[in-house]
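This report concerns only the one structure given below.
In my numbering, the protein residues as written are 1074 to 1339.
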């Protein structure tokens, strides 16, 4: 049987609200669509801006546990799509045997991917400039948001997106990801790049994304040395690819690819 559920995993600085167009679109096609919030973030954007304490308490292990518990209760493996940090979580879930296929959109890199473009350093600077931010929830200014998330939009459009989607991000997780390649042993974003049992995985990279530009995605793909399908495509667009005017074309491509390559159950 083909997948009947799509799981959408949001990234940092946003909530499941960032998937609002895709969720309605896939539901109109007859799919059950789950867009879970990270543990503790099951409230509206405005509430998290007013009190970011739940963001400060986030841990990758708890996020993965929540997602695995949710997916494990489904009647068949779903298609998993993740954006930004959600792309890294998608990779981890597939490596752990969850899902029928995965799509990682402007994905944060998993452990071992060491390509760090200058634009990524500039994008990460609001959090990494101060080690004390490791214990805080750190937001972006509208100007920083425009550069990191919405640089292909007009400034007015970017501000509207900022007001609708933006929340602070977890400094703890962000710093942990930045240090993953220098820690001994396995970190939270570890995946087994040789796992032949992993479901198929597609990377989608926005050509104008400064946070995780295409070279990061291509490097991530090259790390996979398993026999499982791993591909990458590029679309014109910024980091906030799920919200571009042409979002429907990206969503349909992601779904069509996942359905074509999904592992099915009989």
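C-beta: ideal position from N, C-alpha, C; glycine also.
- Excluding its 5 nearest sequence neighbours in each direction, residue 1263 has C-beta neighbours in its own chain below 6 Å: 1184, listed in chain order.
- Counted as a single uninterrupted DSSP element, the stretch harbouring residue 1305 is not any alpha helix (DSSP H) but the beta strand (DSSP E) occupying residues 1303-1308.
- Separation of the CB atoms of residue 1268 and residue 1292 is rounded to 18 Å, and the pair is thereby denied contact status at 8 Å.
- By the Cβ-count criterion, residue 1149 is exposed, with fewer than 16 other Cβ atoms from all chains shown falling within 10 Å of its own Cβ.
- Here residue 1175 is buried, its C-beta having at least 16 other C-beta atoms within 10 Å.
- Residue 1316 and residue 1094 have their C-alpha atoms some 8 Å from each other.
- Scanning its chain for C-beta atoms nearer than 8 Å, with the 5 sequence neighbours on each side dropped, one finds around residue 1234 the residues 1218, 1222, 1223, 1226, 1313, 1316, in chain order.
- Residue state for residue 1107 is assigned as strand, using DSSP reduced to three classes.
- Judged by pairs of C-beta atoms under 8 Å, the stretch 1133-1152 does not touch the stretch 1277-1289, as fewer than three such pairs exist.
- Only buried fits residue 1286, as 16 or more other CB atoms lie within 10 angstroms of its CB.
- Here the stretch 1104-1114 lies against the stretch 1074-1091, with 3 or more beta-carbon pairs under 8 Å apart.
- Taken in chain order, the unbroken stretches of alpha helix (DSSP H) that lie wholly in the stretch 1227-1289 and span 4 residues or more are 1228-1238, 1244-1251.
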